[in-house]
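Q: Sharing a structure, written as structure tokens. Questions coming.
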Amino acid sequence: MDRLEILERMHVVLTGIPAGRVLSYGRLAELAGAPGQARLAAWLCRHLPDPHLPWHRVLSSDGHSRIPDEEARREQFHRLWLEDVPFRAREQVDMALALWRPEDEDEAPSAGF
DNA sequence: CCAGTGACCAAGA
DNA sequence: CTCTTGGCCACTG
């Protein structure tokens, strides 16, 4: 499996993240069939060809943003806020609740309890 | 070819 | 919470 194919699959996974849920770079890589390649997932998010893709739904595994640019970082959290993503702090998503699990394939983060 | 850097990550101290 | 270690991979000079 070459790099291009992996990137394609990552792209597919990325576009499939539902509003209100998020993924870490590492999980994105895993779901694309490329475990351990979180850095490649990060590279993809940075060089996304299409700005209307849900780039804001990908975060660091600890729920913090890794985007250096403050402007973009704010927009990221703003969008997530609008999607009712659960937060732990003002700039930290609650990954335990917000992480997307494709196998669940349904409802809101809080509904599962 | 090699070294540094980066929107990474998990485990340990 | 912070910092370090070791592993991962692409790009740049």
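All you need for the numbering used here is the position in the first sequence, starting with 1, plus 27. Note that beta-carbon positions come from the ideal geometry of N, C-alpha and C, so glycine has one too. Everything numeric in this text was worked out from a predicted model, so none of it was measured.
1) Per DSSP, which residues does Q119 bridge with? Please list them.
2) Taking all protein chains shown into account, do 16 or more other C-beta atoms lie within 10 angstroms of the C-beta of P81, making it buried, or fewer, making it exposed?
3) Check L109 in the structure and name its three-state DSSP category.
4) So, M28 versus A61, is the Cβ gap smaller than 9 Å?
5) If you check the beta carbons only, do C72 and L109 fall under 9 Å apart?
6) Using 9 Å as the threshold, is the C-beta distance between A107 and S51 below it?
7) Per DSSP, which one or two residues make a beta bridge with L126?
8) Report, in whole angstroms, the separation of the C-beta atoms of R143 and R48, which I expect to be a contact under 8 Å.
9) Would you mind stating whether A59 and A68 have Cβ atoms separated by less than 9 Å?
A: Result, derived from the coordinates:
1) A116
2) buried
3) helix
4) yes
5) Not closer than 9 Å, so no.
6) The sequence shown places Leu at residue 107, rather than the Ala named in the question. No, Cβ-Cβ distance for L107 and S51 is not below 9 Å.
7) L126 pairs with V49.
8) As displayed, the chain neither begins before 28 nor continues past 140, which places residue 143 out of reach and without an answer.
9) yes
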